[in-house]
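Using full-length UniProt numbering, read the sequence shown as starting at 1 and increasing by one per residue. Worksheet: one structure, shown below.
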Amino acid sequence: MSHFGWEVVGKISGGRFSDIYKVSKANERIYALKIVDPDDLKPPHSIRNEIKILEDLENAKRINGKEIINVVSLIDVKNTNLEYGLLFPYYDMTLYKLININIKKRSKFNPDGSIDRVPVNKMELSHINKIIIGILQGLEWIHSQNIIHRDINPNNILFSESNLDIPVIIDFGISYQANDNNGLESSDKKFTDIATGIFKAPELLLSKRDYTNKVDIWAVGVIMTLLLSDNGESPFDDDSMHSDLVLLSNIISTFGSPPSDWSDCKTLSSFESMNNTFFTKPAKPLNVIVPKLFNEKSNFNENLEKVFTSFVSYECNDRLSASDALKILLS
């Protein structure tokens with residue numbers, strides 16, 4: 001089977017809006033080919049907008065003479081009356097997979113003599129630090145081009161097996177480009193049905209429509225809870241992946257109640273109408289949320305803690321920008 005003259009080697013993934021294949025031509029290197037039927041897309045998904053954003057990023061790199069290794073490069077675009085094909089470099093694994101291969105089983109001896117096998121996160125803090133820096137370097141470039149990615153999550157962060165220190169941000173299918181997303185959304189009426197599962201920022205859950213690129217920063221904070229966990233798992237319940245209400249409850253249970261004068265959301269009816277008792281919870285200790293920072297010592301702990309604490313602030317203005325966070329992590 002072939003698509004747009006490229007021989008399909010295998011299927012990487014498939015979803016509601018696109019399929020991604022491993023492809024090659026005349027036994028050349030392997031690439032990733034994203035196939036999209038534009039008629040199947042529902043806002044905020046837009047293949048034409050994705051192509052424009054990717055092409056603008058490529059043009060900006062050429063103009064600025066920059067090599068941006070932490071953001072995927074668009075190699076080619078093809079289309080017919082029925083579908084679009086976007087060609088990208090091929091990467092071997094997602095961040096989810098990288099986390100999972102670093103989870104090892106350890107024996108735990110119980111008082112009754114039984115033995116449990118418990119998962120333990122064996123990823124080194126030095127490696128975690130490099131991954132977070134790489135993600136932020138990618139976001140720094142994306143945000144500098146007035147783009148909000150809007151779907152930062154471990155499936156959209158890829159690695160080559162030959163270099164697991166360099167994360168690459170992919171998938172601009174629901175991204176926003178200032179000032180009006182190429183005529184699709186005004187800056188004060190953006191779509192809020194964005195982001196994936198537990199990586200949604202709290203202001204999105206309350207339907208704030210004039211949000212900023214700090215929704216991407218919150219998502220990095222949640223990714224840090226996975227990387228800095230003792231078992232590779234999120235502090236949120238599994239149901240948080242599928243229910244915004246459960247996710248909001250989990251955010252509050254984990255990070256404590258939002259401030260009563262939360263400037264980003266205090267005027268929203270969704271915030272005003274909530275029962276105050278829903279918000280009266282203290283934050284869990286940091287050594288519970290990101291235990292790896294407290295169980296292992298390195299040169300990175302203090303700076304990682306400072307960045308993480310900022311990223312999961314309710315107030316968007318209190319979240320460090322990617323640039324400012326990098327200044328801390330690279331100091």
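Glycine included, C-beta positions come from ideal geometry on N, C-alpha and C.
**Prompt:** For T277, which residues of its own chain have a beta-carbon under 7 Å away from its beta-carbon, when the five flanking residues on both sides are left out?
**Reply:** Caution applies to T277, whose pLDDT of 47 falls short of 50 and renders its modelled position unreliable; the model cannot decide the point.
**Request:** Could you name the residues of the same chain whose beta carbon sits closer than 7 Å to that of L74, not counting the 5 residues immediately before and after it, in chain order?
**Result:** Correct list, in chain order: L54, E55, E58, L86 and F88.
**Prompt:** So what does DSSP say about H143, is it helix, strand or coil?
**Reply:** Of the three classes helix, strand and coil, the one that applies to H143 here is helix, per DSSP.
**Local conformation of D237 per DSSP, three classes** = Assigned with DSSP and collapsed to three states, D237 falls in coil, not helix or strand.
**Item:** Residues of its chain near H326, where Cβ-Cβ distance is below 8 Å and the 5 sequence neighbours each way are ignored
**Value:** Residue identity check: residue 326 is Leu in the sequence provided, not His. So the list reads I133, L136, Q137 and E140, once near-sequence residues are dropped.
**Request:** Give the DSSP-derived three-state secondary structure of A178 in the structure shown.
**Result:** Coil at A178, not helix or strand.
**Request:** Return yes when the Cβ of L206 is within less than 7 Å of the Cβ of D244, no when it is not.
**Result:** In this structure, L206 does not lie closer than 7 Å to D244 by Cβ.
**Request:** Could you tell me whether the stretch 89 to 109 touches the stretch 154 to 165, using the rule of 3 or more Cβ pairs below 8 Å?
**Result:** Cβ pair count under 8 Å is three or more, so yes.
**Assigned exposure category for D324 - 16 Cβ within 10 Å defines buried** = Exposed, because fewer than 16 other Cβ atoms sit within 10 Å of the Cβ of D324.
**Request:** Could you tell me whether any non-hydrogen atom of the ligand GTP is closer than 6 Å to the CB of E161?
**Result:** Looking at this structure, you won't find the ligand GTP or any other ligand, since it has none at all.
**Message:** Need the endpoints of the alpha helix (DSSP H) that A219 sits in, please.
**Reply:** That run of the alpha helix (DSSP H) goes K214 to L227.
**Request:** Count the other C-beta atoms from every protein chain shown that fall within 10 angstroms of the C-beta of I47, then say buried if there are 16 or more, exposed otherwise.
**Result:** It counts as buried.
**Message:** Which of the three DSSP states is assigned to L89 in this structure?
**Reply:** The sequence shown places Pro at residue 89, rather than the Leu named in the question. If DSSP states are grouped into helix, strand and coil, P89 belongs with the strands.
**I99 classed as buried or exposed, judged by whether at least 16 other C-beta atoms fall within 10 angstroms** = With 16 or more Cβ atoms within 10 Å of its Cβ, I99 is classed as buried.
**Request:** Entirely within the stretch 183 to 218 and at least 3 residues each: give me those beta strand (DSSP E) ranges in chain order.
**Result:** If we require 3 residues or more, the stretch 183 to 218 turns out to have no beta strand (DSSP E) run fully inside it.
**Message:** Distance check for L33 and W6, CA to CA, integer angstroms please.
**Reply:** A direct Cα-Cα distance of roughly 9 Å separates W6 from L33.
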